[in-house]
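Structure, as structure tokens:
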Amino acid sequence: MLNRSFSPAAIESSEGLLIEKTKALCAAFERQSKASASVDLFYAFRCMSIDVITTFCFGKSIHAVDEPDFKAPIVVALDAATPVAMYFKYSDLFKNFILKCPPNLSKKLSPLTAGMIDLNQVCSLLAGAAAY
Amino acid sequence: MLKLLSQQINELTDDPEKLKLLPHNMTIYHRLMDPEAHRDKQIPSAESLYEEAQALMFGGTDTVGNTLMVGAFHLLKHPDKMQKLKSELSAAWPSLIGNEPTVRDLERVPYLTAVIKESLRLSSGVTAGLLRIVPAAGATIAGVEVPPQVCLHFALG
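Protein chains in written order, with the numbering used here: chain A, 8 to 139; chain B, 116 to 272.
Given below as structure tokens:
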């Protein structure tokens, strides 16, 4: 169903969006360089790709590339959530237990999953599911 | 509740001009919230929409971010390759002011294309499935000898 959104024609028509986001990343590189600061490419490139995908999905860029040192909360959360995906896959019980708890309690019970919880909260907010 | 959600999605599109930059002038969520796009003519539940958001965020961020980082890392490790790429790009794109090349133009730049393909080959997409650890006796996987205790992860693709 979403194939249409990723067809060659669709990709070509989003060229302007990609140029805009790439320029924003270049501007951020320039700012870091003027401040004689180094750039963490791992976070920098992720910030750019998240700006693209959030615009693509929700029509709203979160301007992650403009965060100080590219430490955008959503990118940090995505990174922290990655190792947890393995545990969630291993145990449905664990997954449901953590995800059904109030977010602040989940984070205390399992600090490892804090990233996943933060990510969920950001995603819910973006998807508008925060309303329920 | 779904009506509320739909309203929020529309509000999320803060700048109507932005939509013009998107394929078919709409966001993925406009598509997901369109009953006609679904076989059963039903808008998915809020839970399902949320899952879509999470999958798209992971899929859209990790893959591209990783590929760019791996490519940049290897270029920085090999200054001669970096120089070759820079020279080729300077020839294809002589001035930063004025006409910018389009994606179509850049696709015809051979070394750049090779660098992108090599970055895609070296980096992994989103990995799926659980880790597998090679047993004490070692194993032969797809004709390759793998020593004991090696952690294996398979990427889709």
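Cβ coordinates follow ideal geometry from the N, Cα and C atoms, glycine included.
Apart from the five residues on each side of it in sequence, which residues of its chain come closer than 6 Å, Cβ to Cβ, to residue i?
i, result
"R53 (chain A)", "V82"
"A252 (chain B)", "none"
"L237 (chain B)", "V185"
"V261 (chain B)", "V249 and A254"
"P150 (chain B)", "K156 and I158"
Contact criterion: CB-CB distance below 8 Å. Does residue i meet it with respect to chain B?
i, result
"F65 (chain A)", "yes"
"S98 (chain A)", "no"
"F52 (chain A)", "yes"
"E19 (chain A)", "yes"
Leaving aside the five residues before and after residue i along the sequence, list all residues of the same chain whose C-beta is less than 8 Å from its C-beta, in chain order.
i, result
"S21 (chain A)", "F63"
"L235 (chain B)", "T182"
"A31 (chain A)", "M55, D58, H70, V72 and D73"
"A44 (chain A)", "D76"
"K196 (chain B)", "H189, L190 and V230"
"A138 (chain A)", "Per-residue confidence for A138 (chain A) stands at a pLDDT of 35, beneath the threshold of 50, marking its modelled position as unreliable; no derived number is given."
Just to make sure I have the definition right: I need the residues of chain B whose C-beta is within less than 8 Å of the C-beta of residue i. Which are they?
i, result
"V59 (chain A)", "G175 and V179"
"L85 (chain A)", "M172, F173, T176 and D177"
"L48 (chain A)", "L183, M184, A187 and F188"
Any Cβ of chain A within less than 8 Å of the Cβ of residue i?
i, result
"M197 (chain B)", "no"
"I143 (chain B)", "yes"
"G272 (chain B)", "For G272 (chain B), the predicted model reports a pLDDT of 47, less than 50, meaning its position is unreliable and no value from the coordinates is stated."
"L73 (chain B)", "A query on residue 73 (chain B) cannot be resolved here, the shown segment of chain B reaching from 116 to 272 and no further."
"A187 (chain B)", "yes"
"L246 (chain B)", "yes"
List the residues of chain A that residue i touches, going by C-beta distances under 8 Å, in chain order.
i, result
"T217 (chain B)", "E22"
Mind pulling the chain B residues with CB within less than 7 Å of residue i?
i, result
"S56 (chain A)", "G175, T176, V179 and G180"
Run through chain A and tell me which residues come within less than 7 Å of residue i, C-beta to C-beta.
i, result
"L171 (chain B)", "I60 and C64"
Got a sec, what are the start and stop residues for the beta strand (DSSP E) residue i sits in?
i, result
"A254 (chain B)", "A254 to I256"
"E260 (chain B)", "V259 to V261"
State the start and end residues of the unbroken alpha helix (DSSP H) segment that holds residue i.
i, result
"E19 (chain A)", "P15 to S20"
"I222 (chain B)", "Residue identity check: residue 222 (chain B) is Glu in the sequence provided, not Ile. V218 to E222 is the span of the alpha helix (DSSP H), which, as asked, contains E222 (chain B)."
"T142 (chain B)", "Unbroken run through T142 (chain B): none, as it is neither H nor E."
"E233 (chain B)", "P225 to L237"
"R53 (chain A)", "L48 to F65"
"E203 (chain B)", "P194 to A207"
"F95 (chain A)", "P80 to Y97"
If I measure Cβ to Cβ from residue i and keep anything under 7 Å in the same chain, skipping five residues before and after, which residues do I get?
i, result
"W208 (chain B)", "P216"
"Q264 (chain B)", "I248 and V249"
"K102 (chain A)", "F95"
"G272 (chain B)", "With a pLDDT of 47 at G272 (chain B), under the threshold of 50, the modelled position of that residue is not reliable, and the figure given next carries that caveat. Only G240 meet the Cβ criterion."
"L119 (chain B)", "Confidence in L119 (chain B) is poor, its pLDDT being 49 and thus under 50, which makes the residue's placement unreliable; the coordinate value appears in the next sentence. Closer than 7 Å at the Cβ level, and outside the excluded window around L119 (chain B), lies no residue."
"A136 (chain A)", "With a pLDDT of 38 at A136 (chain A), under the threshold of 50, the predicted position of this residue should be treated as unreliable, and no value is reported."
"F36 (chain A)", "V46"
"C266 (chain B)", "L246 and I248"
"M93 (chain A)", "none"
Report whether the distance from the Cβ of residue i to the nearest heavy atom of the ligand HEM is below 7 Å.
i, result
"S56 (chain A)", "Ligands displayed in this structure: none; no statement on the ligand HEM is therefore possible."
Do the segment 223-235 of chain B and the segment 178-197 of chain B make contact, defined as three or more Cβ pairs closer than 8 Å? These segments touch.
Would you call the segment 70-86 of chain A and the segment 42-49 of chain A in contact, with 3 or more CB pairs under 8 Å? Yes, the segment 70-86 of chain A is in contact with the segment 42-49 of chain A.
When you compare the segment 70-78 of chain A with the segment 196-208 of chain B, are there three or more beta-carbon pairs, one atom per stretch, that lie closer than 8 Å? They do not touch, by the three-pair rule.
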